[in-house]
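**Q** Residue numbers (the numbering used here): 120 to 412.
Pasting in a structure now, in structure tokens, and then I'll have a few things to ask.
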């Protein structure tokens with residue numbers, strides 16, 4: 120079945136919803152914490168991709184990984200940082216804090232791409248970066264006063280790693296070397312599992328926990344990552360960015376309704392500035408490109 124534009128939009132909304140379930144699910148774990156949560160999620164992701172990848176790329180996919188270039192392995196490391204930092208941050212601070220911090224990804228990408236591969240940043244994006252920066256500062260100020268900043272700083276590793284990943288893969292594409300992102304996700308999951316394994320001892324996860332972590336590995340991470348790559352072949356970058364932001368809204372709503380974790384006033388105000396800046400930047404950019412003959 121061919122993926123039309125409308126189907127890609129609906130599928131990307133479903134992807135954003137699946138991504139958004141990590142917060143509420145993590146709040147219902149019995150005993151697993153921090154690095155153990157990260158280890159099991161990464162392990163289940165890697166195992167599921169062992170079956171998914173050959174169906175998508177053929178039986179030679181794992182042999183091809185061994186001969187992949189430097190950009191591919193850098194991408195894999197970036198994915199591992201994103202997977203690890205995301206789950207560890209969820210165990211250290213509120214879901215809203217983590218998601219709002221992660222939403223800085225597009226603006227962080229613009230900055231890193233400007234610094235390392237010379238991408239020009241439009242004035243509207245500079246304004247968006249300034250507004251979003253103010254929003255994040257507003258969110259973080261009470262945490263600094265209360266000594267609770269560490270979790271948000273860990274979450275900040277996610278957009279930084281994501282921006283680095285995008286910059287590396289785009290630079291490789293410009294040089295004629297495309298990076299296959301789905302196998303890179305597999306490599307990232309393997310690295311994350313290996314790095315967090317010694318830190319996960321002693322294991323405390325119950326059977327209930329393992330069931331939830333298996334869900335996170337397969338349905339919150341592996342499958343939606345694969346589907347997002349398919350959507351990226353049909354949707355324009357601004358469309359993809361805007362639809363991906365639904366993860367933030369879905370995630371905050373789910374953890375509020377499903378775990379009673381209501382976001383504070385500073386998160387609402389700061390988060391509104393961040394999301395507003397992102398949406399305005401993407402929509403203005405989209406409008407300008409559509410008017411260019």
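Even for Gly, the Cβ is constructed at its ideal location relative to N, Cα and C.
Is the segment 150-167 touching the segment 336-355, taking contact as three or more C-beta pairs under 8 Å?
**A** yes
**Q** Can you tell me whether DSSP reads residue 124 as helix, strand or coil?
**A** If DSSP states are grouped into helix, strand and coil, residue 124 belongs with the helices.
**Q** So what's residue 134 in DSSP terms, helix, strand or just coil?
**A** The answer is helix: DSSP assigns residue 134 an H, G or I state.
**Q** Using the C-alpha atoms, what's the distance from residue 382 back to residue 398?
**A** 21 Å
**Q** In chain order, what residues of the same chain have a beta carbon less than 6 Å from the beta carbon of residue 244, not counting five sequence neighbours either side?
**A** 229, 400
**Q** Using C-beta distances below 7 Å, list every residue in its chain close to residue 153, excluding the 5 sequence neighbours before and after it, in chain order.
**A** Here residue 153 has 207, 210 as same chain residues with Cβ atoms under 7 Å from its own Cβ, once five neighbours each way along the sequence are excluded.
**Q** Please list, in chain order, all residues of the same chain as residue 296 whose beta carbon is under 7 Å from its beta carbon, the five residues on each side excluded.
**A** 188, 190
**Q** For residue 234, is the classification buried or exposed, using 16 other Cβ atoms within 10 angstroms of its Cβ as the cut-off for buried?
**A** exposed
**Q** Which of the three DSSP states, helix, strand or coil, is assigned to residue 369?
**A** helix
**Q** With a threshold of 8 Å between beta carbons, is residue 205 in contact with chain C?
**A** The question asks about chain C, but that chain is absent: this structure has only one protein chain.
**Q** Alpha carbon to alpha carbon, how far is residue 180 from residue 308?
**A** 16 Å
**Q** Across the segment 301-315 and the segment 239-254, are there enough close Cβ pairs to call them in contact, namely three or more that are closer than 8 Å?
**A** no
**Q** Beta-carbon separation of residue 194 and residue 314 under 8 Å?
**A** Taking 8 Å as the cut-off, the beta carbon of residue 194 is found no closer than this to the beta carbon of residue 314.
**Q** Nearest-angstrom Cα distance between residue 279 and residue 201?
**A** 9 Å
**Q** Determine the direct distance from the alpha carbon of residue 321 to that of residue 134, and round the result to whole angstroms.
**A** C-alpha of residue 134 to C-alpha of residue 321: approximately 33 Å in a straight line.
**Q** At the level of alpha carbons, what is the spacing between residue 148 and residue 273?
**A** 20 Å
**Q** According to DSSP, is residue 221 part of a helix, a strand, or is it coil?
**A** Reduced to three states, the DSSP call for residue 221 is helix.
**Q** Going by other Cβ atoms of all chains shown within 10 Å of its Cβ, with 16 needed for buried, is residue 142 buried or exposed?
**A** buried
**Q** Determine the burial state of residue 178: buried for a count of at least 16 other Cβ atoms within 10 Å of its Cβ, exposed for fewer.
**A** It is exposed - the Cβ of residue 178 has fewer than 16 other Cβ atoms within 10 Å.
**Q** Roughly how many whole angstroms lie between the Cα atoms of residue 420 and residue 285?
**A** Only positions 120 to 412 of the chain appear in this structure, which leaves residue 420 out of reach.
**Q** On the premise that residue 270 lies in contact with residue 203, defined as a C-beta separation below 8 Å, what is that separation, rounded to the nearest angstrom?
**A** 14 Å between Cβ atoms; not a contact.
**Q** Taking its Cβ as the centre, do 16 or more other Cβ atoms sit within 10 Å of residue 123, making it buried, or is it exposed?
**A** Residue burial annotation: residue 123 is exposed, with fewer than 16 other C-beta atoms found within 10 angstroms of its C-beta.
**Q** Assign residue 358 to one of three DSSP states: helix, strand, or coil.
**A** helix
**Q** Measure the C-alpha to C-alpha separation of residue 157 and residue 276 and round it to an integer number of angstroms.
**A** 15 Å
**Q** Are the beta-carbon atoms of residue 129 and residue 219 separated by less than 8 Å?
**A** no
**Q** Just reading off the alpha helix (DSSP H) that residue 292 is part of, what are its end residues?
**A** 269-293
**Q** So residue 227 packs on residue 282, CB below 8 Å; how close in whole Å?
**A** Rounded to the nearest angstrom, the Cβ distance from residue 227 to residue 282 is 4 Å, consistent with a contact under 8 Å.
**Q** Using 10 angstroms around the beta-carbon of residue 343, count the other beta-carbons present and answer buried if the total reaches 16, otherwise exposed.
**A** Looking at its Cβ environment, which holds 16 or more other Cβ atoms inside 10 Å, residue 343 is buried.
**Q** Using the three-state DSSP reduction, which class does residue 215 fall into: helix, strand or coil?
**A** helix
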